[in-house]
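Below: the structure, in C-alpha cells.
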Amino acid sequence: MSTSSPALPRPKRTIGISLKLYFDHPKTVSYLAALQPLNALAQSHDISLFLIPSMISLPLLLAQQSTASSNPTSSPQILLGAQNSFYEDDGAYTGEVSPLGLAQLGCSLVELGHAERRRLFGEDDAVVALKARASLRNGMVPLVCIGEKHEGSVEEAVAECRSQVESILDVLDESEKTNKGARKEIIFAYEPVWAIGQPTPAPAEYVVNVVKALRDICVQRGRGGHGEIRFLYGGSAGPGTFEKMSEGVDGLFLGRFGHDPKRVREVIEEVARA
C-alpha cells in the first residue's frame, strides 16, 4: 500500500439516489414531488442532492424543472441524471442514448459502469471510459461506479479497483488537453459488488481504507483538488451508513433504501451532523 498523500480540502458532501427500473412514470413524478422539499434541507447544510430516474421519465422531469426554474420564486431544483448514455453523440446506433441530447435537455450527470451493466451487458473499463469521455465533452459529470467483485482484503479491493479508477483519470487527463472547456469533475461511486442488494453495507472500516487508498491514487496523479473528484459509497447504503464512514467518503449513493423520502430525510440529517 502507498503512503498517504497530503490532505486536500474535502469535496462537497453529496447524496444521490438511483431509481433503477423500479418506478413507473407516475410513481417517479410523485416521488420527485416528495423529494423536492428535501432539497432545500440539503442545500441549507451545503449538501448536493441528485436523483437518477429511469430514462423514460428523465426528459419529462427535466422539462418540468425547466418550467419551474423560470419562476423567480421557485426553490432550487434537484439535480437530475441519466442511468446510462452512449459514447458517440450521433450516428447509426439504434437504441442508444446520445450524451449530446442529454446535455441539451439539461441533464447534469450520467451514471456509468454500474455492476449490473457490467454483468448483464458486458460493459468493461474501456467502454465506461469512452462513455465518461463523452459525458465530459458534453459538460456533464460522469458518475462512475467502481467496486471489487468478491469480498476479501483491503489490498485486494484496491488492486481490483485501481484500473477502474485510473482508466477514468486517463480520460480526465486527455479531456483536459483536447477540450479546454470540458467538464473537469468526476464522481466515483464505490460499490463493492458483493455488498449490492444485501441487508447491510460493507464494513465501514473496510470502506474507509479502500476509498482512502483510491483517493491517494487520484492525488498522486495530480487530481482531487478543488472538489474535482468525489467518492460516494453505495452498496446497500441507507440511514446509519454515513456516520460510520464519514472519515473516508464524501457522501452516499442510495438504491432501494433511498426509495422512501422519509429515509432520504434521515440520511440528509445524518450527513449534516457528520
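In the working numbering, the protein residues as written are 5 to 278.
Glycine is no exception: its CB is placed at the ideal position from the N, C-alpha and C atoms.
Helix, strand or coil for residue i, going by three-state DSSP, please let me know.
| i | result |
| --- | --- |
| G85 | strand |
| Y97 | coil |
| P15 | coil |
| Y194 | strand |
| S171 | helix |
| P63 | helix |
| Y35 | helix |
| R122 | helix |
| E232 | coil |
| F246 | helix |
| C149 | strand |
| S9 | Interpretation of S9 is limited by its pLDDT of 40, a score under 50 that renders its predicted location unreliable; no figure is taken from the coordinates. |
| I200 | coil |
I need the straight-line Cα distance from residue i to residue j, nearest angstrom please.
| i | j | result |
| --- | --- | --- |
| L147 | L23 | 15 Å |
| Q87 | K248 | 28 Å |
| P10 | L45 | Confidence at P10 is low in this model, with a pLDDT of 42, below 50, so the placement of that residue is unreliable and no value is reported for it. |
| S70 | L39 | 17 Å |
| E127 | R121 | 6 Å |
| L218 | I233 | 11 Å |
| E159 | L109 | 42 Å |
| I291 | I19 | As shown, the chain starts at 5 and ends at 278. That puts residue 291 outside it, with no answer to give. |
| K184 | S250 | 33 Å |
| Y35 | G99 | 27 Å |
| V145 | A138 | 10 Å |
| L84 | G201 | 23 Å |
| P15 | I82 | 19 Å |
| V268 | A199 | 20 Å |
| V223 | P30 | 43 Å |
| D220 | A72 | 41 Å |
Got a sec? Which residues, its chain only, sit under 6 Å from residue i by beta carbon, not counting five neighbours each side?
| i | result |
| --- | --- |
| E274 | F246, E247 |
| C149 | G117, H118, A193, E195 |
Thinking residue i and residue j are a contact (beta carbons under 8 Å), I'd like their distance in whole angstroms, please.
| i | j | result |
| --- | --- | --- |
| V101 | M59 | 6 Å |
| K216 | G255 | So it is not a contact: roughly 15 Å between Cβ atoms. |
| T32 | S61 | 4 Å |
| V169 | A136 | About 11 Å separates the two Cβ atoms, so there is no contact after all. |
| A241 | P205 | 5 Å |
| I21 | L258 | 5 Å |
Tell me whether residue i, by its Cβ, gets closer than 7 Å to a heavy atom of the ligand FMN.
| i | result |
| --- | --- |
| R260 | Among the ligands in the structure shown, none appear at all, so the ligand FMN cannot be discussed. |
With distance defined between alpha-carbon atoms, name the residue in the options nearest to residue i.
| i | options | result |
| --- | --- | --- |
| G105 | E120, R121, L134, L66 | L66 |
| A130 | I172, Q108, S157, H154 | I172 |
| H154 | G239, P76, Q47, R269 | G239 |
| R166 | F235, G151, F90, G228 | G151 |
| R277 | P243, P103, G259 | P243 |
| D177 | R123, S73, E92, R225 | R225 |
| A161 | C111, V214, P265 | V214 |
Excluding five sequence neighbours on each side, which residues of the same chain lie with their C-beta closer than 8 Å to the C-beta of residue i?
| i | result |
| --- | --- |
| I272 | I19, L42, L45, A46, H49, I51, L53 |
| Y91 | P103, V131, L134, K135, R137, A138 |
Here's a check: name, in chain order, each residue in its chain whose Cβ is nearer than 7 Å to the Cβ of residue i, leaving out the five neighbours to either side.
| i | result |
| --- | --- |
| V197 | A119, G151, E152, K153 |
So, is the C-beta of residue i closer than 8 Å to a C-beta in chain B?
| i | result |
| --- | --- |
| L218 | No chain B is present in this structure, which holds just one protein chain. |
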